[in-house]
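Enquirer: I have a structure here, written as structure tokens, and I will follow up with some questions on it.
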Amino acid sequence: MQALAQTPGPDTTHAVLDQLQRSTDGLVAYYAVVGHRRICTDYAIGSFDPLSIGIDPFQLVKYSRSLRTGASGRVILAHMPPSIQAQVLAEPVPEGVGPGVIRDNNLLIESLTSIHDLGYAIGRQECMNGWDSVAVPVIWGGTIQGSLLLWIPAEKMPEDTSQLVAATLTAGETLSQLATAPWCSASAA
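Numbered according to my numbering, the sequence shown spans residues 3 to 191.
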């Protein structure tokens with residue numbers, strides 16, 4: 003109940019996603035942890051039409067996704083307990099992922115260590131052909147709550163990703179701080 007009482011409103015968190023989208027011209031999504039999977043609960047895409055690449059926006063939020071694929075999944079997985087990591091590593095790689103997905107469990111485990119050390123993940127066409135990504139964790143009280151994902155078309159992803167990483171880290175830290183701040187509704191004040 004404490005976590006629910008401290009949850010910021012959707013307008014507050016969506017503003018962070020919008021700012022990241024406008025500053026990077028990428029697509030932005032927030033994935034919440036659901037057991038040993040993730041589900042997109044909010045996104046900011048600016049004027050981009052997801053149907054232009056065959057994605058129904060409803061599909062983004064309808065289905066849960068494996069934590070073993072994509073930068074957003076790996077960022078969450080890096081902060082999960084070993085028992086959940088073992089469950090996820092035992093899963094097969096889902097069908098329909100991008101050509102850059104990490105299929106080898108040893109390489110996946112190495113990437114989790116790197117994510118923990120760096121505080122972010124870079125995905126190179128892991129979830130979808132033609133799209134690269136940057137993802138950062140959103141943490142409340144030391145517990146992973148989700149991940150913030152920035153998608154960039156692969157042909158537009160710069161070799162030096164430091165500016166995109168910095169922008170995504172800043173937005174992720176803002177979401178983590180919002181999740182930690184005490185919130186109350188206007189009617190409770």
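Every residue gets a Cβ at the ideal spot worked out from N, C-alpha and C, and that includes glycine.
Source: prediction; values computed, not measured.
Put Leu69 into one of helix, strand or coil per three-state DSSP.
Expert: DSSP places Leu69 in coil when its eight states are reduced to three.
Enquirer: By how many angstroms is the C-alpha of Val90 removed from the C-alpha of Ala34?
Expert: Answer to the nearest angstrom: the Cα atoms are 16 Å apart.
Enquirer: I'd like the list of long-range same chain contacts for Thr43, defined as Cβ closer than 8 Å, with 5 residues on each side in sequence excluded.
Expert: Cβ within range, chain order: Tyr32, Tyr33, Ala34, Val63 and Gly148.
Enquirer: Should Gly37 be labelled buried (16 or more other beta-carbon atoms within 10 Å of its own) or exposed?
Expert: Exposed is the call here.
Enquirer: Could you tell me the alpha carbon to alpha carbon distance between Ala73 and Leu150, rounded to whole angstroms?
Expert: For Ala73 and Leu150, the distance between alpha carbons rounds to 9 Å.
Enquirer: Are Ile124 and Val136 closer than 8 Å when you measure CB to CB?
Expert: In contact: Ile124 and Val136 (Cβ atoms closer than 8 Å).
Enquirer: Looking only at its own chain, which residues have a Cβ that is under 6 Å from the Cβ of Gly102, when we skip the five neighbours before and after it?
Expert: Closer than 6 Å at Cβ, skipping near neighbours: Arg126, Gln127 and Glu128.
Enquirer: Short of 7 Å in beta carbon distance, which residues of its chain neighbour Val140, apart from the five on each side in sequence? Order them along the chain.
Expert: Counting only Cβ-Cβ distances below 7 Å, and skipping sequence neighbours, we find Gln147, Gly148, Ser149, Leu150, Gly174, Leu177, Ser178 and Ala181.
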